[in-house]
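Protein chains: 2
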Amino acid sequence: MMKRLTLTALALTLAAAPAHADTLVDNVNGITLDKDGKLIRFTGLVIDTQGKVKQLLGRKDKRPERPDFKQDGQGKTLIPGLIDAHGHVMGLGFQLMLLDLSGTNSLAEAQAAIRKYAAENPEMPWIIGSGWNQEKWGLGRFPTAADLDAAVPNRPVWLERVDGHAGWANTAAMTAAKITPASKSPEGGRIEMEGGKPSGVFVDAAMALVNSAKPKPLARDLDRALYLAQQKLLEQGITAIADMGTTIEEWQSYRRAGDKKQLAVRILSYGGDIDNMAIIAGSEPTPWLYDDRLRMVGVKLYLDGALGSRGAWLKAPYSDAPGQKGLPLLTPAQLRNKMVRASMDKFQVAIHAIGDAANAEALDAITDLTADLPGERRWRIEHAQIIDPVDIPRFATLKVIASMQPVHQTSDRVMAEARLGPDRLKGAYAWRSLENAGVRLAFGSDVPVESANPFPGIAAAISRTDDKGEPFGGWRPEEIVTRETALDGFTRTAAFAGFAEDRIGTLMPGMRADFLIVDTDPMLASPDEIRRMTPLETWIGGYRYYKKSEGATVGR
Amino acid sequence: MMKRLTLTALALTLAAAPAHADTLVDNVNGITLDKDGKLIRFTGLVIDTQGKVKQLLGRKDKRPERPDFKQDGQGKTLIPGLIDAHGHVMGLGFQLMLLDLSGTNSLAEAQAAIRKYAAENPEMPWIIGSGWNQEKWGLGRFPTAADLDAAVPNRPVWLERVDGHAGWANTAAMTAAKITPASKSPEGGRIEMEGGKPSGVFVDAAMALVNSAKPKPLARDLDRALYLAQQKLLEQGITAIADMGTTIEEWQSYRRAGDKKQLAVRILSYGGDIDNMAIIAGSEPTPWLYDDRLRMVGVKLYLDGALGSRGAWLKAPYSDAPGQKGLPLLTPAQLRNKMVRASMDKFQVAIHAIGDAANAEALDAITDLTADLPGERRWRIEHAQIIDPVDIPRFATLKVIASMQPVHQTSDRVMAEARLGPDRLKGAYAWRSLENAGVRLAFGSDVPVESANPFPGIAAAISRTDDKGEPFGGWRPEEIVTRETALDGFTRTAAFAGFAEDRIGTLMPGMRADFLIVDTDPMLASPDEIRRMTPLETWIGGYRYYKKSEGATVGR
């Protein structure tokens, strides 16, 4: 995903479709949920001058006589803009800015790509990338710093191997990282040596030696990353995203974009722990800013790690690592203190909990605090991947929102079976069980861990199959949800989960006119067709920001 | 200046005079400079719906027939809103929030005041204040921690003596600061002891032991400080202020106020060194925000200290401290690196330079960089208090703005004579010499070091006399400036110095309607009358935010 957008191009961004008075989008196969979650179909949509839905029209309803702008939908399907209930906006942006070597077939090809990328990105102090594979190149050895110096001698270059388990540095990067022949391999890592000195390749834990020397991104890098992220989200039909763990630096970038009318995608921000929350928002959530484009609504707390690295905190040991249960990242007192600190100031709390012990502890903490914190808190548990079935009803009792990422199920399936063994899979990615217990499901992608594309997520939610359609019939298909629930998770409940249901998530009158024109009706298509769906147009607040034939435009 | 405003009162702020369509303020003795600095008089002012000046009317000009709002000025004087070219908004706010004991006449009175303040400010984690004087109380001894514990036992209390050379802590403050009987007095300071343990009073350098334990202000403290600062500035007729050394925490508070339409006074922000500048504004100055209420335009750098503490950097030793010359706070390379870093990204650079060596070095640095940084930089030197006369023409050649505080001259006079001796006074507070050399003078207050009240500043500028009218005939009266120059320094050039002359600083058509109704014509009154002038009304952007009979209102 190499991008060649320079800062000059940013300034030249074309304006989105201009402001209109009343707009009529007619002749569509329109779909939305109403405020109670009931599916509604319509054939025309009237948008007012504020960019809000004014009216949904049935086939026989009278059309406004002289709308200021009219678009013929040519019978295509129109659905609400999709909301990613859990993502990392800047993570996506930086992923898009990285040099991607996964398509290279030889060292020479890689060197050419690196040289080209460096020339196209003269302001970048370091060239960062990933995707190289010396096996695929037929090199018969690891590449070296000298191989990289030949491409870029004057700036540090640091490239991760395709599997993420090794990094390749040039001499400038090693100098910046103070690597010398005397440098020692750390525990769990290895500095590759050649002729008595570091060769340029650093394996596993040794990668940190170079990573720690990487410069912090500059404001202009963040601004560019945000621009690229927005373009990608618009292309993929995401009109709003919960940004899970915003830093003050990232927030400042969002505000810069907003101040310049270059914030298209709505960002519901959750501060990266209490310190970021407090410096960003102060003593209460921010107002909605920039016509409902940005708000800091709460805080994201990490209670445990991930399943793949066995950081998820389990009640019983990992099936494939006897004795290991993972670890909580917060003590009970720390978790509760942070939750109280945020809640007293009316911030919403979103707790990352993947393992069943972490989920139980998050529920315990919520139980402990509920009496002292009355009111509608909308506690969120992020991921809620592995839940002890006894804990499922507690989500409902405590009115906890389960913020889940359907694609994780398809990506993690084989690994989860190994980590958990058959007995614990009953509460794994247990969408339907949660729903049946009365829990509201908000769906997202966890981008950039997964692609932000919501359509494979919808397909996974209704089929429990991956992009090859496997396993046949779906993995633990009893946890499949309906199409309505899948759509709800990416629209109405994703909005509710961010205290935004009064403005986005459905296309009922009064809501912001955020919608997609798509090439497939997701209520009728096969999971495989849904997976391959793409937006033809993406509209936010009554403006069209993306048209497949023209690309995305962020400014207006 | 004890303030009893609670957070509840903040929320209840009355709205300012509501939005109008065309507004006519008629029958006034109107004064403004035009864009070339020429004094213009008018009798009526028409304001458009954007809050900008639409028309200035002479006595015989036709009035608009049906303005939506009309105010009869009753012949009073109307002048442009005054701009403080150098202040510290939050410094003022926190000064207003502190407990002020300077009016107390006994320990018992002080204890009562402390108890009352603590009760009125239940959220404050520490009670901070100043102004006590055991001599005035006739106490015959220093007060003790026990005396303070009797007033407030459960929260740390920390109060500076009236002269700033001692602090008085209660037991809770000493506990928080980890003060024990084993604590040692630092060099240049003394922990007062009683019965073998610290008594509660800390002298000079020992004050730092407690100061370092004070909590950082919370967002809600910053927000309250901003509210109080705005009220005070509105009362004093300051409609815009250059905030010299904004931190990210302060900036966030300004934005919160702006987001809630509670930013009345215009703030031209200069980041506190490069790190704050970069995190606040990113890779270029921010746009004007909130209808020209807020902008980060540049960076404030400190090149030396102050004259009083002999931190100002002089070419020759202090007259009253042989061998001491003060010290530069930045090396030549550091200063130039910071200047380049800011300027490359189009930030304006404001350099604090008080001593003649600091001023010369600032001019040297500007000289060194000018060729590589073409364009209109508007380099600012802040204070420019002591200038070697040979350096005065360099300000003009390099087009450096001298950002000076007239009241400092009257406050510093006796001290400056002692520090500098007679020979160096020729370039001290040398307003007229700078003006005659062709340098533009921007005037300010350095609040909270001095009061933000601009009228004593204007009086000082045109008389070189203090609030007692001393010395008779003015101190080095050859540096007196004209009334027009004084007004210009607080309006037109103060705006120019912040790249704001296209929107504020005069009342010419198209400019924001920022003005004062005052009780005296400053072009005719005596210096003493000017010193005692007060605004009757303060208008910003066509809204009245302050009326003497009603007080200030920040929200609208």
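Protein chains in written order, with my numbering: chain A, 5 to 560; chain B, 5 to 560. Heads up, the beta-carbon is just placed ideally off N, CA and C, and yes, glycines get one too.
Between the alpha carbons of G142(B) and M281(A) lies a gap of roughly 49 Å. In this structure the stretch 178-192 of chain B does not touch the stretch 225-233 of chain B; the number of beta carbon pairs closer than 8 Å is below three. Judged by pairs of C-beta atoms under 8 Å, the stretch 60-78 of chain B does not touch the stretch 101-109 of chain B, as fewer than three such pairs exist.
In summary, K182(A) is exposed, with fewer than 16 beta-carbon neighbours lying within 10 Å of its beta-carbon over all protein chains present.
Below the 9 Å Cβ cutoff, chain B contributes G286, S287 as neighbours of D227(A), in chain order. Taking the beta carbon of A223(A) as reference, the chain B residues within 7 Å of it are A282, G286, S287, listed in sequence order. By the rule that beta-carbons nearer than 8 Å mark a contact, R297(A) does not touch chain B. For T542(A), the enclosing beta strand (DSSP E) stretches over residues 539-544. In this structure, the straight-line span from the alpha carbon of G192(A) to that of L238(A) is close to 41 Å. Pairwise C-beta distances place the stretch 370-379 of chain A out of contact with the stretch 293-303 of chain A, as fewer than three of them are shorter than 8 Å. Annotation for K140(B): no beta strand (DSSP E) segment contains it, though the alpha helix (DSSP H) segment containing it runs 138-141. For E124(B), the enclosing alpha helix (DSSP H) stretches over residues 111-124. Under the Cβ criterion of 8 Å, S257(A) is counted among the residues facing chain B. For V205(B), the three-state secondary structure derived from DSSP is strand. Neighbourhood of T290(A) in chain B, by CB distance below 8 Å: R260, D263, in chain order. Look at E253(B): its C-beta is under 8 Å from a C-beta on chain A. Chain-ordered, the chain A residues with CB closer than 7 Å to the CB of L293(B) read D263. If the five residues before and after L28(B) are omitted, its C-beta is found closer than 7 Å to the C-beta atoms of G48, V50, R67, P68, P71, K74, all from its own chain and listed in chain order.
Straight-line spacing of the CA atoms in D506(A) and Q54(A) works out to 15 Å.
Here DSSP, grouped into helix, strand and coil, assigns P458(A) to helix.
Around the beta carbon of V418(B), fewer than 16 other beta carbons lie within 10 angstroms, which makes this residue exposed.
When rounded, the separation of the alpha-carbon atoms in L163(A) and D151(A) is 12 Å. The Cβ atoms of G431(A) and I396(A) lie closer than 8 Å to each other. With fewer than three CB-CB distances shorter than 8 Å, the stretch 257-275 of chain A does not count as touching the stretch 234-250 of chain B. Fewer than three Cβ pairs drawn from the stretch 311-331 of chain B and the stretch 273-290 of chain B lie within less than 8 Å of each other, which leaves the two stretches out of contact. The residue among R260(A), I252(A), K264(A) with its C-alpha nearest the C-alpha of D279(A) is I252(A). In the DSSP annotation of this structure, the continuous segment of the alpha helix (DSSP H) that includes K236(A) starts and ends at 223-240. The beta carbon of E541(B) is closer than 8 Å to those of L520, I521, R548, Y550, K551, K552 in its chain, skipping five residues each way along the sequence. Between L339(B) and T374(B), the beta carbon gap of about 14 Å keeps them out of contact (Cβ cut-off 8 Å). Boundaries of the alpha helix (DSSP H) around G262(A): 252-263. In the three-state reduction of the DSSP assignment, S313(B) falls in the coil class. By the neighbour-count criterion, in which 16 or more other beta carbons inside 10 Å mark a residue as buried, A501(B) falls on the buried side.
Going by beta carbons, L100(A) and L222(A) fall outside the 8 Å limit. When the alpha-carbon of D427(B) is set against those of L445(B), I390(B), D450(B), K342(B), the nearest one is in I390(B).
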